[in-house]
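Structure first, commentary second.
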Amino acid sequence: MIVAIMLLVIVIGSLVFNFLSPWWFTEIASNWGGIDFAVFVTFWICGVAFVLIGLFMVYTTWKYRRREGLTAVYEPENKRLEWILTIVTTIGVVGMLAPGLWVWDAYVNVPPQARDVEIVGQQWSWSYRLPGEDGYLGAVDARRISVDNPFGMDPDDPRGQDDVLIERAALHLPIDRPVKVLLRSKDVLHDFYVPEFRAKMDAVPGMITYMWFTPTRVGTYEVLCAELCGIGHHTMRGTVVVDTAEDYDAWLKTQATFAQISARPEGDPVAGQIAYAVCAACHGPAGEGMLAFNAPKLSGQDPWYLRHQILAYRQGLRGVHEQDTYGKEMAPMVLPLIDDAAVENVIAYIGTLPDDPAPQTVEGDIHRGASLYGGCTVCHGSEGGGSYGTFAPRVAGMTDWYLVRQLRNFREGIRGSHRMDNLGKQMGLMSRQLGDDEAINDVVAYINTMSTRMTRTAMHHTIDDRGETDGG
Amino acid sequence: MAETGQQHPISIYFWIWGLLFVFSAASYMVDYAGFQGYLRWSLIIIFMMLKAGFIVAIFMHMRWERVALITAIMLPPGALLVLVCLMAWESDYTWETRIVYLGAEIAPEPLPPPSHH
Amino acid sequence: MAVEAQVPYQEAIDVHHPHSWLARYWFSQDHKVIAIQYGITAIGVGLVALVLSGMMRLQLGFPDSFDFIDPEAYYQFITMHGMIMVIYLLTALLLGGFGNYLVPLMCGARDMVFPFVNMISYHVYFVSVLILLASYFVPGGPTGAGWTLYPPQAILTGTPGVDWGILTMLVSLAVFIVAFTMGGLNYVTTILQARTRGMSLMRMPLSIWGIFMATVLGLLAFPALFVSAVMMILDKTIGTSFFMPAISSLGEQLDYSGGSPLLFQHLFWFFGHPEVYIVALPAFGIVSDLISTHARKNIFGYRMMVWAIVAIGVLSFIVWAHHMYVSGMHPYFGFFFATTTLIIAVPTAIKVYNWTLTLLRANIHMTVPMLFSIAFVITFVVGGLTGLFLGNVIVDVPLSDTYFVVAHFHMVMGVSPILVIFGAIYHWYPKMTGKMLDDRIGQLHFWITFLGTYAIYYPMHYLGFVGVPRRYFANGEMAIIDESVILLNQGITIAALIVGVAQILFIWNLIYSYYRGRDSGPNPWKATTLEWQTPETPPRHGNWESRLPTVYRWAYDYSVPGAKDDFIPQSEPSAGEREGAPLA
Amino acid sequence: MAEATSTQRLQLVEDWAADVAVFRGVPWGKAMMWIFLLSDTFIFSCFLTSYMTVRMTSAEAWPNPSEVFALEAFGVPVPLLLIAIMTFILISSSGTMAMAVNMGYRRKRVGAALLMVVTALFGASFVGMQAFEWYKLIVEEGVRPWGNPMGAAQFGSCFFMITGFHGLHVSAGVVYLLIVAYRVWRGRYEEKGYDIVEITGLYWHFVDLVWVFIFAFFYLW
């Protein structure tokens, strides 16, 4: 008796859950309504089958439960019934499969007017490449990938010169124009997944995969990685912005091509020195950082990181959170750097400043810090030297009080909370591992031990610390 | 009963032995003579299948086994044929993306426009 | 006559009568002892995996609350949990445990055809478990590559356990495959060549059919895993490039070139999909027998059931790439694999119909094994139907790699087989020990497990509809996630913890009833199959007296009209019913 | 002919429907060996399929095995010379094995044992030549599992892996043969019958069979 009742509860309960559930697909933002339709068909055919079988079991377990005088009927088989059920099932299966294959056919056949976009996955960020005016993407080779050529472009391929390179920033797409997405991976498997687009495809190293869709709704969408790609898998986020045609064209004009990037003159430290005068007021004449002005040490920091942060301030990705007092102070300070050349100059000048380890002010439990730092190693390096590959800045030998504050800001969402700031979001997710302020102090205290080690190494061998740490 | 199990005139083994020598020599000659392309591949496969067939049928006595055993052993490798065919198709596809998009050296100049499957 | 000549068992038994504890319980060649060895080891290692799943749920329900779970540890949990559950618990318990115990008894044989090989099989399995568990004690800990172990990720920096963990995992798998092959050859040969008189294939209980087909699948599918494990070990240790193309990992150029990551995925799933049925088919078979026995009714459509098992087994070799729809394989494969996958749904559905139709006009004894069987059917229906979503290629696209997949495969090859295993243990424990398991504890264990697992996995499908990706250590701020999703996750975690803790009831019942349980007698369920007709309970080594039993009928003569009892054992001669014999 | 097939079909159904044993008259050991060989077939096929895949996906040139494995004879490089000799040796070992089986069933146990020892010797010489070939490839041609001067890295990887795995099978077979030969010679199977020789033979022929495929697909293709 109770079994029949419980089965009934399960069938009815599942139905009620389904109809009351607030959990369903997000509103679609691409042409793949067909996918939703196929899900819909499958869902209802399966739902009806579930309810029928469930209710049938309720009936049998209630009607034929053990009772006085009840005997089972001996009935080895019933050919007719079995055939009918087989045929009904087959019809149901065909009913699901036919629309499924129909839509799949559309999914794998790209319309000829679709424009190519290349998506490059790496641990743990997304980059993009658009063919320039010629409509072709230039040749690439994993062997060419380096700090200076993150996309592995072939510099001799004429078709690659006008390719637009968007490194670790948002991808913009024009609305209502089909795009063919070509996926490439530098290292491991990734999967480009925007829930609102429904479409999804793995990026596989050593080959190119593809899918296509047409964005149909203007908006900003979050990109997730849907294929396990290492310990940063859950932090591998990106942004896709679907624009109107005009907005898209305006955005495209601001993006640099491969040729422009290659032709960029190196920064001029002499010109940079003049611009640096403004910075020196807070960051110190030698870029050593000053606690009194809450300004961190700049000397010895990787140039790509400095560039990225200056741009983040300029674009309003950083220093906008209302609780980020010092960030908000910094934000207007980058405005005098009016163009890319000015930024490059000042970075070049900072590169000439002496890299003396910052004084140590933070104390904590080094052993606990060492074990907590385990999770940081993959990106920041076991010696805290940072890595361009993971876009993680150097932390060893930098101003430790600044690290403490930034870790706190990350953890509490004061920094890295801007929806377009995917790298900040990444650090935010990782920093949650440090449960309390004590943990932050411990880990920074451990980082301080690296800076002493680093200085010693530098004194004895005078080798480049980045070369040292990247090996691990 | 075991004594009568798989006992066959010894001459047949000599015959097959000789035949295997001939087929091996023939497949070796395919290489020596430098045949190329489909002719080479089909000859290699023909001689290979002949050799494999004789080893299984005569040396391993499959020819004299009952049909139940023959079917039980010979049918399951059909799954492997599916695997091999699909993997060949798959490899060809992977190779194509490497040539078309990853600028492998064999790529002809100029490249054809990106093809859509 | 040839077979009879090969069975000089009577002497063998006397010679082999073991005396010391070690000879009796460790170096035993008795299939029943080996079965229990397999069972205890598998359940033991399964408990480890259960604890790991509890820790994963803690992190998912209440992120940032547990210091000791960092991303590294989390990915190690999911990997070890998955691998242990699929291979070292389910495969080992269903085939090594139930296969070993039931095959000779139900076929009417004295033992496996090669008992010595069978014993070695268990020892090698034990070694593979030790190697697996050793990965928690090697530098860097176990691998965190996910149970699918996809390269390049599995052997590159950025994944936990990339130096030692992955190697212990791969070596352990290879060793397991050796163990399985030794056991599996025995099961298959015993079923094919060493049945008793009168036991034709079409009179075999469905349990044996399921175990037989699953073992055949294992013998043919595990090679693919073995080969890929060998190649990945070579890629990792001596730098070959089978699965590794040119790679720039974390900013560093590696020496690999030209390999194909997709090759691994194809090989893995060429093993992996049959593996699903290696777990499912024995469960299908066993549950058929449980339902028939406890409903006092013949299984409905026996012949269809057999052919469905065979069809599922054959088809399982040509559906593997439905795990790879969005892997970037040749796009046209989608058509082929979606079609074959949905074809396999037909025989599977027939099995479900026949289970429910067996209940129709039956006399259902709501014993604990019956409860678990009914729970299996409803759980399997949900798991099977959601499988159609994932098999129907385009529907898989938005759902793959989301929690829908997690919910689906836990329903269909996690909870379903486990429910059958519980039912089977309640069913056969009396034969193994001579004692009944306690009924009240059993009922309690059943209700918590059944309702609890349903509460875990049914709502989890909806996380997948929302689009929440799987294998995320923490979701953080994600555009598609709102408060309600977080709440749902917490609810699932609480249900999972309750179910996990409730398994103590089961373990307690096993131990308690061994000492205090009611005596069962030889055939407490009044079942027809041969294992219940042994002269002794538990049966001694050799199973039967000097004469092997002879089989006169199929395994499902329950409630035969005109019969004295509501069951007629398979070994009962059909003397009294020659005229109106209902069986064709 | 048609009549024969129809009786065969009948026999097929009868055998599968029989009680006790499906393979009538087939001893347990032989049935088990056949099923094991089936499983082993899947192992080698997966190795060869992987080889096919990496070779077909390779964008780099595949070294020409005919040149790589050439051997200098009388001052002239002869393509695949050693491989051809190895092939003939393995075929000969299969021949002697087949006759050992025959001898066994005739209960000529000394002859069977001797022929098995000859088979094992052929096998051992095969492994020896294989070792020489590896040596030549590694030391003289500079082929390594992770790379080679001639082209795609997978050439070496596949070669060492596949021939290595086959070589292990041959070596295990040699040991197996010697053990069984010794027991046959001692008369251990006088009562039980000589199925064991046939079972050993099945394994040995299988090893030869695998070589046929390796020869065709790796060396000639």
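Chains as they are written, first to last, in this note's numbering: chain F, 198 to 669; chain X, 3 to 119; chain Y, 16 to 599; chain V, 21 to 241.
Where a beta carbon is used, it is the ideal one built from N, C-alpha and C, also for glycine.
Computed from a prediction, not measured in an experiment: that's the story for all the values here.
Q.
Report the CB separation of T183 (chain Y) from A149 (chain Y) in whole angstroms; it is logged as a contact under 8 Å.
A. About 6 Å; that satisfies the 8 Å criterion.
Q | Three-state class that DSSP yields for G131 (chain V) in the structure shown | A | helix
Buried or exposed (CB count within 10 angstroms, at least 16 for buried), R593 (chain Y):
Confidence at R593 (chain Y) is low in this model, with a pLDDT of 44, below 50, so its placement is unreliable and no value can be given for it.
| task | To the nearest angstrom, report how far apart M408 (chain F) and W229 (chain F) are at their CA atoms. | result | 12 Å
query: For a contact meaning CB atoms closer than 7 Å, what does T96 (chain X) contact in chain F?
result: Within chain F, the residues near T96 (chain X) are M404.
key: Per-residue contacts from V84 (chain X) into chain Y (C-beta, under 9 Å)   = F332 and I333
Note to self: For a minimum of 3 consecutive residues, which ranges assigned as the beta strand (DSSP E) are wholly contained in the stretch 248-272 of chain Y?
What the structure shows: none
*asked:* Which residue marks the beginning of the beta strand (DSSP E) containing K312 (chain Y), and which one marks its end?
replied: No beta strand (DSSP E) contains K312 (chain Y), which DSSP labels as neither H nor E.
Can you give me the Cβ contacts of P466 (chain F) inside the same chain, cut-off strictly under 6 Å, excluding the 5 residues immediately before and after it? Apart from sequence neighbours up to five positions away, the residues of its chain that approach P466 (chain F) with a beta-carbon distance below 6 Å are A545, Y546 and T549, ordered along the chain.
Measure the C-alpha to C-alpha separation of Y599 (chain F) and P493 (chain F) and round it to an integer number of angstroms.
If you take the alpha carbons of Y599 (chain F) and P493 (chain F), they lie about 6 Å apart.
Give the residues of chain A in contact with T558 (chain F), contact being defined as C-beta atoms less than 9 Å apart. Considering every chain present, this structure includes no chain A. Its protein chains are F, X, Y and V.
Exercise for review: With a threshold of 16 other CB atoms inside 10 Å of the CB of Q150 (chain V), please say whether the residue is buried or exposed.
Suggested key: buried
**Asked** Quick one: is H345 (chain Y) buried, meaning 16 or more other Cβ sit within 10 Å of its Cβ, or exposed?
**Response** Answer is buried; the Cβ neighbour count reaches 16.
| Mind checking if I253 (chain Y) is an interface residue toward chain V, Cβ cutoff 7 Å exclusive? | yes
Practice task
Taking C-beta pairs closer than 7 Å, name the residues in chain Y that M398 (chain F) reaches, listed in chain order.
Solution key: V341 and G343
Counting along the chain, where does the beta strand (DSSP E) carrying I316 (chain F) start and finish?
-> R312 to Q319
*asked:* Can you pull out the residues from the stretch 31-44 of chain V whose beta carbon lies closer than 8 Å to at least one beta carbon of chain X?
replied: Q31, L32, D35, W36, V42, F43 and R44
inquiry  = Can you look up G167 (chain V) in the DSSP assignment and give me helix, strand or coil?
reply    = strand
(request) Under 7 Å between beta-carbons, which chain F residues line up against Y103 (chain X)? List them in chain order, please. (result) L379 and I405
Please state whether DSSP places F152 (chain Y) in a helix, a strand or coil. coil
Would you check if the stretch 448-463 of chain F and the stretch 529-543 of chain F touch, i.e. whether three or more CB-CB distances between them fall below 8 Å?
yes
**Message:** So, with DSSP's three-state summary, where would you put S579 (chain F)?
**Reply:** In the structure shown, S579 (chain F) sits in coil (DSSP, three-state: anything other than H, G, I, E or B).
Checklist entry - Does the Cβ of W280 (chain F) lie closer than 6 Å to at least one heavy atom of the ligand COA? => result Judged by which ligands are present, the structure shown has none, so any question about the ligand COA falls away.
C-alpha distance - P500 (chain F) paired with A589 (chain F), whole-angstrom precision: 12 Å
> For chain V, is any of its Cβ atoms less than 7 Å away from the one on G213 (chain Y)?
Replying inline: yes
field: Nearest-angstrom beta carbon gap, I192 (chain Y) and F241 (chain Y) [assumed within contact, 8 Å]
entry: 5 Å
Could you tell me whether the Cβ atoms of L232 (chain Y) and D304 (chain Y) are closer together than 7 Å? Not closer than 7 Å, so no.
Self-check item: Y116 (chain Y) beta carbon less than 7 Å from that of A194 (chain Y)
Solution: no
Beta-carbon gap between T417 (chain F) and V438 (chain F) smaller than 7 Å = yes
Cross-chain neighbours of G161 (chain Y) in chain F, by beta carbon under 9 Å: Result: L425.
**Asked** Should T666 (chain F) go down as buried or exposed, given a rule of 16 or more other Cβ atoms within 10 Å for buried?
**Response** Caution applies to T666 (chain F), whose pLDDT of 39 falls short of 50 and renders its modelled position unreliable; the value that the coordinates give is listed next. Classification of T666 (chain F): buried, given that the 10 Å Cβ count is 16 or more.
Next on the checklist: For E419 (chain F), list the residues DSSP reports as bridge partners.
Outcome noted: F:T436
Identify the continuous alpha helix (DSSP H) that holds L216 (chain Y) and give its terminal residues.
Where L216 (chain Y) is concerned, there is no enclosing alpha helix (DSSP H), given that its DSSP letter is neither H nor E.
Exercise for review: Taking H564 (chain F) as part of the alpha helix (DSSP H), name the residues at either end of that continuous run.
Suggested key: I563 to Y570
- Closest Cα partner of M136 (chain V) within the set V:Y202, V:F56 and V:L30: V:Y202
Nearest-angstrom Cβ-Cβ length linking G332 (chain F) and D360 (chain F), presumed shorter than 8 Å
Contact flag wrong, Cβ pair sits at about 11 Å.
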